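Residue numbers (our numbering), protein chains in the order written: chain S, 1 to 214; chain E, 215 to 428. Reading through the structure tokens given below for one structure.
What follows is the structure, given as structure tokens:
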């Protein structure tokens, strides 16, 4: 019975995601779903991305968190539009929540919408939000063995961002191991090594983003 | 309907957790449920804890992961008993899974069982496993604002371990902020600052552990 209900929930989510995808495609907006553990640096990466593309690409952010408006406030401080969804305890965003958020944004001024999912490397992987591309972000302090433990997060992603590379010298983290493991799960995965703190590695990530937007 | 099913699942879990708690109490075994994000250092903390108490306190570990036996293998390398539960995609351990694991352990040789939950700061908080005490672990690179975003993980814990304090000098992390926020959520929370890498701060944590075992 649990399985049946879960299938129903997922099927309803798929319908809603498909509608989001069509709506955003018609508006020529690139939509990205960003997934990571808590504290990997999603918000800092978005702040840096928005600031470095300012005047060239207009980015809006949909923030998912169990509670608090903290992340949306940080994004708004960059001048970008941001909508906070408080999931009230739910461990992932759903496509219906994203539909509501999209219709709250001033949509005509936007080139790219980035959805920052709830900090959780497990549950968000199962929920299509209507994104065009999915980005998984891991940070150096989390360790280099994450692919084996959380394979779905990598197998369903288009891009892997390895963040906090400025900490590599202080930690035992094998960049080649995680790259090799991730490419086994998704052979055409794009991988960028970045530091959202220093800006290192952002050129390639921003190039990918702007080219994918076209 | 979803809510009704969820309530049923939680009620069934509570029954099973109560049975685990009674069984372990009768055997005079302290059971701890450890919760954190992926990559916060749960396994490294357990390795260090087991090694530092070797010959004094006999610790066994029940490992929860989506998949892989990696963590149980690391624990077994210390000489301790370890059982790996592969949840096959489920985002938390359930009390029934722990029951099975307990009955696989050689129970007469154990003083303390530590359950390392699936790396996830959200979902495991809702599932009582039959533990006597709950430990939430956060690491310095994750940032000091975790209490506001994931309040349940802290409000339901008995101990907060702040790990990777050896990285404090490289990161912008306010120990007092997270302590203050955590104590607002749980006023009698015990807080220990540790480095599972260097062993710093372990004395107080191990004292708490051995005193709580009695």
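Glycine residues also receive a C-beta, built at the ideal position from the N, C-alpha and C atoms. Bear in mind that the values here come from a model prediction, so they are computed numbers and not experimental data.
Assuming residue 380 (chain E) contacts residue 414 (chain E) (C-beta within less than 8 Å), just tell me the rounded distance between them.
-> Residue 380 (chain E) sits at position 166 when you count from the first residue of the second chain. Residue 414 (chain E) sits at position 200 when you count from the first residue of the second chain. Contact flag correct, Cβ pair sits at about 7 Å.
Would you mind giving the Cβ-Cβ distance between residue 251 (chain E) and residue 333 (chain E), rounded to the nearest angstrom? I have them listed as a contact below 8 Å.
-> Here the question's residue 251 (chain E) lines up with position 37 in the second chain. Here the question's residue 333 (chain E) lines up with position 119 in the second chain. Confirmed, about 6 Å.
Does residue 282 (chain E) come within less than 8 Å of chain S when only Cβ atoms are used?
-> For the purposes of this step, residue 282 (chain E) is identified with residue 68 of the second chain, where counting begins at 1. Yes, contact with chain S.
Taking 8 Å as the CB-CB cut-off, is residue 225 (chain E) touching chain S?
-> In the second chain, the residue the question calls residue 225 (chain E) occupies position 11. False, the Cβ-Cβ gap to chain S never drops below 8 Å.
Contacts that residue 378 (chain E) makes with chain S (C-beta to C-beta distance below 8 Å) | To locate residue 378 (chain E), count along the second chain from 1; it is residue 164. The contacting residues are 141.
Contacts around residue 286 (chain E), its chain only, beta-carbon distance under 8 Å, and the 5 residues preceding and following it disregarded | The sequence position of residue 286 (chain E) within the second chain is 72, counting from 1. 275, 277, 296, 297 and 298, listed in sequence order.
Mind listing which residues of the region 241-270 of chain E have their C-beta closer than 7 Å to chain S's C-betas, in chain order?
-> 251, 252 and 253
Measure how close the beta-carbons of residue 227 (chain E) and residue 291 (chain E) come, nearest whole angstrom, since I'm counting them as under 8 Å.
-> As a position in the second chain, residue 227 (chain E) is number 13, starting the count at 1. As a position in the second chain, residue 291 (chain E) is number 77, starting the count at 1. Going by Cβ atoms, the distance from residue 227 (chain E) to residue 291 (chain E) rounds to 32 Å, so no, they are not a contact pair.
Mind pulling the chain E residues with CB within less than 8 Å of residue 149 (chain S)?
-> Here residue 149 (chain S) refers to the residue found at position 149 when the first chain is read from its first residue. 252, 279, 280, 281, 282, 284 and 333, listed in chain order.
Inter-residue Cα distance where the pair is residue 289 (chain E) and residue 15 (chain S) | By 1-based counting over the second chain, the position of residue 289 (chain E) is 75. By 1-based counting over the first chain, the position of residue 15 (chain S) is 15. Rounded to whole angstroms, residue 289 (chain E) to residue 15 (chain S) spans 44 Å at the Cα level.
Determine the closest residue to residue 221 (chain E) out of E:389, E:323, E:341 and E:419, with distance taken between C-alpha atoms.
-> The count along the second chain starts at 1 and reaches residue 221 (chain E) at position 7. Answer by Cα proximity: E:341.
Applying the criterion that 16 or more other CB atoms from any shown protein chain within 10 Å of the CB defines a buried residue, is residue 224 (chain E) buried or exposed?
-> Within the second chain, numbered from 1, the residue matching residue 224 (chain E) stands at position 10. Result: exposed.
Host beta strand (DSSP E) of residue 374 (chain E) (start-end) | As a working note, residue 374 (chain E) is residue 160 in the second chain. Looking at the DSSP string, the run of the beta strand (DSSP E) that includes residue 374 (chain E) is 373-377.
Determine, using beta carbons only, whether residue 103 (chain S) comes closer than 8 Å to chain E.
-> Stepping through the first chain from its first residue, residue 103 (chain S) is reached at position 103. With 8 Å as the cut-off, residue 103 (chain S) does not count as an interface residue toward chain E.
What is the C-beta distance between residue 185 (chain S) and residue 151 (chain S), in whole angstroms, given that I count them as a contact (C-beta under 8 Å)?
-> Sequence index remark: in the first chain, residue 185 (chain S) carries index 185 (1-based). Sequence index remark: in the first chain, residue 151 (chain S) carries index 151 (1-based). With 8 Å as the limit, residue 185 (chain S) and residue 151 (chain S) qualify as a contact, their Cβ atoms being about 5 Å apart.
By DSSP, does residue 345 (chain E) sit in helix, in strand, or in coil?
-> Looking up residue 345 (chain E) in the second chain gives position 131. Three-state result, residue 345 (chain E): coil.
Chain E contact for residue 16 (chain S) (CB, 8 Å cutoff) = One-based indexing of the first chain puts residue 16 (chain S) at position 16. So no, residue 16 (chain S) is outside the interface.
Anyone know if the C-beta pair for residue 130 (chain S) and residue 20 (chain S) falls short of 8 Å?
-> Locating residue 130 (chain S) in the first chain gives position 130, where the first residue counts as 1. Locating residue 20 (chain S) in the first chain gives position 20, where the first residue counts as 1. Yes, they are a contact pair.
Checking contacts by CB at 8 Å: is residue 215 (chain S) closer than that to chain E?
-> For residue 215 (chain S) there is no data in the structure shown, the boundaries of chain S being 1 and 214.
Residues in the region 379-392 of chain E with C-beta within 7 Å of chain S's C-beta atoms, listed in sequence order?
-> Against chain S - using a Cβ distance shorter than 7 Å - the residues of the region 379-392 of chain E are 381 and 384.
Is the CB-CB distance between residue 162 (chain S) and residue 178 (chain S) below 8 Å?
-> By one-based count along the first chain, residue 162 (chain S) stands at place 162. By one-based count along the first chain, residue 178 (chain S) stands at place 178. Against a cut-off of 8 Å, the Cβ pair of residue 178 (chain S) and residue 162 (chain S) comes out as a contact.
Going along chain E, which residues have a C-beta under 7 Å from residue 98 (chain S)?
-> One-based indexing of the first chain puts residue 98 (chain S) at position 98. Correct list: empty, because the minimum Cβ distance to chain E is about 18 Å.
Which residue comes first and which comes last in the alpha helix (DSSP H) that contains residue 173 (chain S)?
-> Your numbering for residue 173 (chain S) matches position 173 in the first chain. Premise fails: residue 173 (chain S) is in no alpha helix (DSSP H) and is neither H nor E.
Local Cβ density within 10 Å of residue 323 (chain E), reported as buried at 16 or more and exposed below that = The residue you call residue 323 (chain E) lines up with position 109 of the second chain. Exposed, since its Cβ has fewer than 16 Cβ neighbours within 10 Å.
DSSP three-state assignment for residue 31 (chain S), whether helix, strand or coil | As a working note, residue 31 (chain S) is residue 31 in the first chain. Residue 31 (chain S): strand per DSSP, three-state reduction.
Is the beta carbon of residue 16 (chain S) within less than 7 Å of some heavy atom of the ligand MG?
-> Absence of the ligand MG is noted for the structure shown, with no ligands found whatsoever.
What does a CB cutoff of less than 6 Å around residue 281 (chain E) pick up in its chain, not counting 5 residues either side in sequence?
-> Stepping through the second chain from its first residue, residue 281 (chain E) is reached at position 67. Counting only Cβ-Cβ distances below 6 Å, and skipping sequence neighbours, we find 300.
Below 8 Å between beta carbons: does that hold for residue 112 (chain S) and residue 57 (chain S)?
-> Numbered from its first residue, the first chain carries residue 112 (chain S) at position 112. Numbered from its first residue, the first chain carries residue 57 (chain S) at position 57. Going by C-beta atoms, residue 112 (chain S) is nearer than 8 Å to residue 57 (chain S).
In this structure, does DSSP put residue 121 (chain S) in helix, strand or coil?
-> Taking the first chain and counting its residues from 1, the one referred to as residue 121 (chain S) is at position 121. The answer is coil: DSSP assigns residue 121 (chain S) none of H, G, I, E or B.
Leaving out five residues on either side along the sequence, give the residues of the same chain with a beta carbon under 7 Å from the beta carbon of residue 426 (chain E).
-> Your numbering for residue 426 (chain E) matches position 212 in the second chain. Within its own chain, the residues whose Cβ lies closer than 7 Å to the Cβ of residue 426 (chain E), once the five positions on either side in sequence are excluded, are 244 and 347, listed in chain order.
For residue 198 (chain E), which beta-bridge partners are listed by DSSP?
-> The question about residue 198 (chain E) has no answer here: the residues shown for chain E are numbered 215 through 428.
Does DSSP classify residue 1 (chain S) as helix, strand or coil?
-> Against the first chain, residue 1 (chain S) aligns to sequence position 1. Low confidence applies here, because residue 1 (chain S) scores a pLDDT of 47, under 50, leaving its location unreliable; read the following figure in that light. DSSP places residue 1 (chain S) in coil when its eight states are reduced to three.
Taking Cβ positions, are residue 164 (chain S) and residue 139 (chain S) nearer each other than 8 Å?
-> Position 164 of the first chain, counting from 1, holds the residue named residue 164 (chain S). Position 139 of the first chain, counting from 1, holds the residue named residue 139 (chain S). Cβ atoms of residue 164 (chain S) and residue 139 (chain S): closer than 8 Å.
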